[in-house]
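**Q**
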Amino acid sequence: MSIYNTAVNKPISTLMVFIAIMVLGVASYIQLPVDQYPKMDPPYLTVMATYPGANASDIEENVTKILEDQLNSVDNLKEMTSTSYDNLGVISLEFEWEANLDEASNDVRDAVDKAMQNLPDDIDRPTIMRFNTSMMPILIYAVTADQSYPGIDKILDDKLITRLNRVDGVASVIVAGAPERVVYVDLDPNKLDAYNLTLEQIGNKILAENKDVSSGNVKMGLMDYALRIEGEFEESDQIKNIVLGTQNNKTIYLHDVAVVRDTIKDITLEQTINRGRGGVLMITKQTDANAVAVAKEAKKQLELAMKELPSDINFQIISDNSDFIVKSINNLQETLMYASIFVVLVVFLFLGRWRATFIIALTIPISLIVAFIYLFATGESLNVISLSSLSIAIGMVVDDAIVVLENITKHIDRGSRPREAAKYGTNEVWLSVIVTTLVTVAVFFPLTLVTGMTGILFKQLGWIVCITVCTSTLTAISLTPMLCSQLMRIQEKTSNSKFSFYNFVSRQLDRLDSGYERLIRWVLHHKTFVICFMTAIFLGSCSLTRFIKTDFMPQNDQSNMTVYAKMQSGQRVEETKRVALQIDSMIRADIPEITIINLSYGSEEEASFASMMNSTGNNILNMRLRTVDIKDRERSIFVIADQVRSILKSFPDVLQYTVSTSSSGGSMGSNSVDIEIMGHDFNTTTRLAQDIAVKARQIPGAEDIKISRDDDKAELQIALDQDKLARHGLTTSEVGSYVRNRIYGFRNSKFKEDGEEYDIIVRLDEKYRSSLTEIENILIIDGHGEKIRLKELGEIKEYFSPPNIERKSKQRILKVSITPAAGVALGDIAQASQQIIDNLEDVPQDVSLYIGGNYEDQQESFSSLIWLLLLSLMLVYIVMAAQFESFKMPFIIMLAIPFAFTGVILALLLTNTTLSIVAALGAIMLVGIVTKNGIVLIDFINLMRERGIRLYDAIAQACRSRLRPVLMTSLTTILGMVPMAISAGEGSETWRPMGIAVIGGMVFSTIITMIIVPAVYAAMDKSGSRDKKKALAKEFKFMKDFDPKKDLPKK
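Numbering-wise (the numbering used here), the sequence shown opens with residue 7 and increments by one.
(1) Which of helix, strand or coil does DSSP assign to T150?
(2) Whether or not the stretch 62 to 73 and the stretch 36 to 50 are in contact is what I'm after, with contact meaning three or more pairs of Cβ atoms, one per stretch, closer than 8 Å; do they touch?
(3) Starting from F1010 and walking both ways along the alpha helix (DSSP H), at which residues does that stretch end?
(4) Restricting to runs no shorter than 3 residues, where is the beta strand (DSSP E) found entirely within the stretch 801 to 889?
(5) Check the C-beta distance from V188 over to G284 and give it rounded, since I have them as a contact under 8 Å.
(6) So the candidates are I787, D760, R970; which of them puts its Cα closest to the Cα of E241?
(7) By the three-class DSSP mapping on this structure, what secondary structure does L21 have?
(8) Taking DSSP as the reference, what is the three-state secondary structure of G1065?
(9) With C-beta atoms as the reference, is I418 less than 8 Å away from M494?
(10) Whole angstroms is fine: what's the gap from K504's alpha carbon to F535's?
(11) Could you say which of M983, R956, R632 lies nearest to N1065 if we only look at CA atoms?
(12) Could you check if W528 is buried or exposed, using at least 16 other CB atoms within 10 Å of its CB as the buried criterion?
(13) Since T56 and S178 are thought to touch, with beta carbons under 8 Å apart, how far apart are those beta carbons, to the nearest angstrom?
(14) Closest to G623 by CA distance: which of F539, E276, L927 is it?
(15) From which residue to which residue does the alpha helix (DSSP H) around M895 run?
(16) Under the assumption that V53 contacts P132 (Cβ atoms under 8 Å), give the Cβ distance between them as a whole number of angstroms.
(17) Among A121, N562, A304, I843, which one has its Cα closest to the Cα of L166?
(18) Figure out for me which residue from L453, M402, A448 has the closest Cα to the Cα of T481.
(19) With a 10 Å radius around its C-beta and 16 neighbouring C-beta atoms as the bar for buried, classify W360 as buried or exposed.
(20) Does the Cβ-Cβ distance between D1119 and V265 come in under 8 Å?
(21) Answer yes or no: do F688 and P808 have a C-beta to C-beta separation smaller than 8 Å?
(22) With the cut-off set at 8 Å, would you say E995 and N296 are in Cβ contact?
(23) Tell me the rounded alpha-carbon separation between L832 and L820.
(24) Taking Cβ positions, are K572 and I653 nearer each other than 8 Å?
(25) Look at G934 and V449 and say whether their C-beta atoms are less than 8 Å apart.
(26) Could you tell me the boundaries of the beta strand (DSSP E) in which A962 lies?
(27) Taking all protein chains shown into account, do 16 or more other C-beta atoms lie within 10 angstroms of the C-beta of T12, making it buried, or fewer, making it exposed?
(28) Find out if the Cβ-Cβ distance for the pair V972, M1026 is shorter than 8 Å.
(29) Quick check on the DSSP output: the alpha helix (DSSP H) that includes N625 runs from which residue to which?
(30) Should Q696 be labelled buried (16 or more other beta-carbon atoms within 10 Å of its own) or exposed?
(31) Checking the sheet assignment: what are the DSSP bridge partners for D230?
(32) Alpha carbon to alpha carbon, what distance is there between Y190 and D127?
(33) On a CA-only basis, which of R818, N747, R769, I597 is nearest S714? Give me that one, please.
(34) Tell me whether F354 sits in a helix, a strand or coil according to DSSP, three-state version.
(35) If I366 and V409 are in contact, beta carbons under 8 Å, what's the gap, nearest whole angstrom?
(36) List the residues that DSSP assigns as beta-bridge partners of L785.
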């Protein structure tokens, strides 16, 4: 027994099944976590090696190259890039998407272990990090303080950070820019010389005195005592009273040769928030944690902690990713609601029956709610991809129910009882309904097979659309006929008053039916002209493709932007601060939408996670800007960013700048084109980069031209004489350690207080290390125990060295990044950049130039989508060929596809929308959507011919009969996409191009399909070989409902 017969015969059982589905769906929805994107596990690992005191060249030679040699042999490695900074080497490893990252991590760890024996002895062990979106902060707060500023690090640690770390799902809490407590021991080298002491001796003495020593057990009487010597410093003031020795019967204390200061660490990187002193608090979540729930609880704990914190400590939100997620989800839910309303209104407009409309409307929640069961079962979240998938599917889930119900309604109107009409009406169309669903699945299922960034973004979309449309088909051939048999009535139309709204609509639709039938009959007698004319339209639209601009991913307005500004190399940080405050003042005066300005200038003494994210230096200014919410301003973040660029351009001190509107975890990355210059010689690559940058500034719409390697910075290099070293029994490493300890500091002991540890740093007093003369006079104890000055072992010269050195595939690389201005396509910038490369002169043979950056990602994504398109076309053809048992029928139906692409081209051009991967995916979706109309049409033409109707009459009758279902299904899809295409809320920028593409393709292809498909069908079957009355050879139960007087066209 067929499923629809069973459903009609057992209405209660059928109803209970779908109620159970609804209950499970609601229960799943309630428990779903909310996040921005599906779980992402991109195949990236990062090796981070810190070597304090080394410059970028040293890091490259002694750290990066050694690690690269070992890491290059790791299995499934796709690409290896590295950047060597002062104090830090970062190696990024990209693996093939099918690689197992757990195994890759083990292989990388083994490679690092092998490299350790060749790395410098005093280097910290390299750390291996697994990149995922959870590394990006979900909350960034600006922390300001006044009187509490010197001790803010300790205050936050005691009162706040401990609380936040206890929040379920919090991975880390980082405070950047806050002052750190430290104990400095500043030595006088002259006094050291006088007392015959060395810095190393004092450092080791402090370590030896700052210890608790267990001395065993002592048994006294009945007691057994543990014997301990307490030596750890209880107060930092004790350090200055350490006895170093005696001389001439006089005790020498540490304070005799040094000044001991318990203070805050020397600030080399200064942060200000709205001109107030402070730092930045960043909260990251664990990989599997819910971003919204974690952020909500963290905010709650912050409010509680505020009651215990000093009143002068204030917090302001710089970036709240959870807020953007919630607003994006709410916006998509609103889009879903409006789409549902539009779909229901279309159905009611065409059918004019509230019962029929109710039956169709039930299909929407049942089909969509199954997606929540799938998300819950697979451990996924409710995110912008899943909700966008439902928005895409909402116009399609009613298609099958419309086709079934419309056919059942016709049988009822002819006088059949609802129960029989439900069975026979469904029997006529169930096969075509299933095939149209298989066609849709054939388009969306390949999305689940795509890898790379495209796969990450759209794999969930593919699964959800496949599941929802399959559910809608099951509903259409089971629940819909059952409800029709129970609810539909023979006389259920609205009032027969000639002035009723439905009658007015019905009369207009009747006129449309008649006019369309006359048009089809004219088309059938002018097939050649029509086919040639339609072909000309398609070819003409192809010529318009050169006007289509291409892009990677649309960017979202998240009310945040970051600014990088570089000034004269070698400039003092005080001068950078002066310019920064001037820029701050101008932005405040000219851009009222900006509420928070976080300035950061200077350079970090030691490597940190922030070093990987931002360039720092005494001549570099980094800014974080936050604006009011979208709803509270008229201008977009992109327009405001252009104004910030204009302000930066007005400062002659600012030599180079970039303004980025992408923020942590928000958009899928900023759009940029990178011109990659691969070559070893710094001078050659720098010359080429500067030449390219000058020409790039002349490209219309090119903004934020940035050379990835900063200007060389001045440094003092000590050239040691190897002969002199040998005579004095010294090595380069030993001399380097002597100098490093006196300048950077000797750090081998810590001061403990209240459970916290603080570095004790032994070094020369600043006045003895602030001039070339003082450095030349540093005393060194040679291998024979004699004292010798540094200048006697070599020569100190001033050199210029790069602050960062990038490498790709074990070769040095220099990149010139170009960001398109608002409204400028990435593809246009890429083409102009390629022309610059082609026109370059004097390029040495050992230098190579390539186009990379987001444009390279765009090309890879488009390649994946082309593969996806070809696979979808092949699967769609296979499904239709199997249904029709014909090779030519699928070809006729698929003629709608080229005209769908014509509609996409026209829609993108008319709305000035770029062809991004989202818009391209919308075009691919049309392969499955537009062929559904052709399938329904061809299937009914074949049905008419099998009943013995002549070719032209069968085509005209089928076209007239299927016009309303085709219009209904097309309009539901189109109007289901309208809210997505016109939405202006948070996150709408991502999906708007898809809505525009689908609407354009559907409108154009629907019109053309209903003309070109009948014409080509007739042209390919002119002989009329199927005009025989095949119906006589078959039994059709529904034939008793066929009335020749009503259903056959009048002569």
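C-beta atoms are modelled at their ideal positions from N, C-alpha and C, and glycine is treated no differently.
**A** So, from the data block:
(1) Here residue 150 is taken as the residue at index 144 of the sequence shown, counted from 1. Three-state result, T150: strand.
(2) no
(3) Your numbering for residue 1010 matches position 1004 in the sequence shown. 994 to 1025 is the extent of the alpha helix (DSSP H) around F1010.
(4) 810 to 814, 817 to 826, 854 to 859
(5) Reading the sequence shown from its first residue, position 182 is the one you call residue 188. Reading the sequence shown from its first residue, position 278 is the one you call residue 284. The Cβ separation is near 19 Å, so there is no contact.
(6) For the purposes of this step, residue 241 is taken as residue 235 along the sequence shown, with counting starting at 1. Nearest C-alpha to E241: D760.
(7) As a first step, residue 21 must be located in the sequence shown, where it is residue number 15. Looking at L21 - three-state DSSP - the assignment turns out to be helix.
(8) As displayed, the chain neither begins before 7 nor continues past 1057, which places residue 1065 out of reach and without an answer.
(9) To locate residue 418, count along the sequence shown from 1; it is residue 412. To locate residue 494, count along the sequence shown from 1; it is residue 488. Yes, the Cβ-Cβ distance between I418 and M494 is below 8 Å.
(10) The residue given as residue 504 occupies position 498 in the sequence shown. The residue given as residue 535 occupies position 529 in the sequence shown. Bear in mind that the predicted position of K504 carries a pLDDT of just 46, short of 50, making it unreliable; the figure below should be weighed with that in mind. Computed Cα separation, rounded: 41 Å.
(11) Only positions 7 to 1057 of the chain appear in the structure, and residue 1065 is not among them; the question remains open.
(12) Locating residue 528 in the sequence shown gives position 522, counting from the first residue. Its Cβ having fewer than 16 others within 10 Å, W528 is exposed.
(13) On the sequence shown, position 50 is the one that residue 56 refers to. On the sequence shown, position 172 is the one that residue 178 refers to. T56 to S178, Cβ: 17 Å. No contact.
(14) Position 617 of the sequence shown, counted from the start, is the residue given in the question as residue 623. Selected option, being the one with the closest Cα: E276.
(15) Position 889 of the sequence shown holds residue 895. That run of the alpha helix (DSSP H) goes 894 to 899.
(16) Against the sequence shown, residue 53 aligns to sequence position 47. Against the sequence shown, residue 132 aligns to sequence position 126. Correct: roughly 5 Å between the Cβ atoms.
(17) As a working mapping, residue 166 is identified with position 160 in the sequence shown. Answer by Cα proximity: A304.
(18) In the sequence shown, the residue the question calls residue 481 occupies position 475. It is M402.
(19) Your numbering for residue 360 matches position 354 in the sequence shown. Exposed.
(20) Absent from the model: residue 1119. The displayed extent of the chain is 7 to 1057, so no value can be given.
(21) In the sequence shown, counting from the first residue as 1, residue 688 sits at position 682. In the sequence shown, counting from the first residue as 1, residue 808 sits at position 802. A contact, by the Cβ cut-off of 8 Å.
(22) Residue 995 sits at position 989 when you count from the first residue of the sequence shown. Residue 296 sits at position 290 when you count from the first residue of the sequence shown. No, the pair does not count as a contact, with Cβ atoms beyond the cut-off.
(23) Position 826 of the sequence shown, counted from the first residue, corresponds to residue 832. Position 814 of the sequence shown, counted from the first residue, corresponds to residue 820. Cα-Cα distance, rounded: 20 Å.
(24) Position 566 of the sequence shown, counting from 1, holds the residue named residue 572. Position 647 of the sequence shown, counting from 1, holds the residue named residue 653. At a Cβ-Cβ threshold of 8 Å, K572 and I653 do not count as neighbours.
(25) Numbered from 1 along the sequence shown, position 928 holds the residue referred to as residue 934. Numbered from 1 along the sequence shown, position 443 holds the residue referred to as residue 449. Yes, they are a contact pair.
(26) Along the sequence shown, one-based indexing puts residue 962 at 956. Counting along the chain, A962 falls outside any beta strand (DSSP E), though it belongs to the alpha helix (DSSP H) covering 957 to 988.
(27) If you number the sequence shown from 1, residue 12 lands on position 6. It counts as exposed.
(28) The residue you call residue 972 lines up with position 966 of the sequence shown. The residue you call residue 1026 lines up with position 1020 of the sequence shown. In this structure, M1026 does not lie closer than 8 Å to V972 by Cβ.
(29) Reading the sequence shown from its first residue, position 619 is the one you call residue 625. Boundaries for N625: no alpha helix (DSSP H) harbours it, while the beta strand (DSSP E) harbouring it runs 623 to 633, taken from the DSSP string.
(30) For the purposes of this step, residue 696 is taken as residue 690 along the sequence shown, with counting starting at 1. Answer is exposed; the Cβ neighbour count stays below 16.
(31) Looking up residue 230 in the sequence shown gives position 224. Its beta-bridge partners are K225.
(32) For the purposes of this step, residue 127 is taken as residue 121 along the sequence shown, with counting starting at 1. For the purposes of this step, residue 190 is taken as residue 184 along the sequence shown, with counting starting at 1. Cα to Cα, D127 sits roughly 25 Å from Y190.
(33) As a first step, residue 714 is located in the sequence shown; it is residue number 708 there, counting from the start. Selected option, being the one with the closest Cα: R818.
(34) Mapped onto the sequence shown, residue 354 falls at position 348. DSSP places F354 in the helix class (H, G or I) of the three-state scheme.
(35) Residue mapping note: residue 366 aligns to position 360 of the sequence shown, counting from 1. Residue mapping note: residue 409 aligns to position 403 of the sequence shown, counting from 1. Not really, about 11 Å apart at Cβ, beyond 8 Å.
(36) Locating residue 785 in the sequence shown gives position 779, where the first residue counts as 1. Looking at the DSSP assignment, L785 forms a beta bridge with R795.
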